[in-house]
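Under full-length UniProt numbering, the residues of the sequence shown are numbered 1 to 64, in order. This report refers to the structure that appears directly beneath it.
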Amino acid sequence: MPKIKSNSGAAKRFRKTGNGFKHKQSFRSHILTKKSSKRKRQLRCMHQVAACDVPLIERMLPNL
1 MPKIKSNSGA AKRFRKTGNG FKHKQSFRSH ILTKKSSKRK RQLRCMHQVA
51 ACDVPLIERM LPNL
């Protein structure tokens, strides 16, 4: 049997943690001048993936 490949796009976007997956927030890459400092600061940190999306990510990343 061949090895199961991970989805390379998902591997770049999600990281496995002890209690699920984490991901980086969107809307933080460009056009930052019109966004408030509070908004940019809150977009800085990593966030947990919603529970309904975890099975899909586990399917895309079987080797993690």
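Note that the Cβ used here is the ideal one computed from N, Cα and C, for glycine as well.
Opening and closing residue of the beta strand (DSSP E) in which residue 16 lies
If you number the sequence shown from 1, residue 16 lands on position 16. Here the beta strand (DSSP E) through residue 16 covers 14 to 17.
Output needed for residue 16: all residues of its chain with C-beta closer than 7 Å, excluding positions within five of it in sequence on either side, in chain order.
Locating residue 16 in the sequence shown gives position 16, where the first residue counts as 1. Cβ within range, chain order: 64.
Could you tell me the boundaries of the beta strand (DSSP E) in which residue 46 lies?
Here residue 46 corresponds to residue number 46 of the sequence shown, with the count starting at 1. It spans 46 to 48 - the beta strand (DSSP E) in which residue 46 sits, taken as one unbroken run.
Could you tell me the alpha carbon to alpha carbon distance between residue 8 and residue 59, rounded to whole angstroms?
Along the sequence shown, one-based indexing puts residue 8 at 8. Along the sequence shown, one-based indexing puts residue 59 at 59. Roughly 12 Å between the two C-alpha positions.
Output the boundary residues of the alpha helix (DSSP H) element that contains residue 40.
Within the sequence shown, numbered from 1, the residue matching residue 40 stands at position 40. Segment 37 to 43, the alpha helix (DSSP H) holding residue 40.
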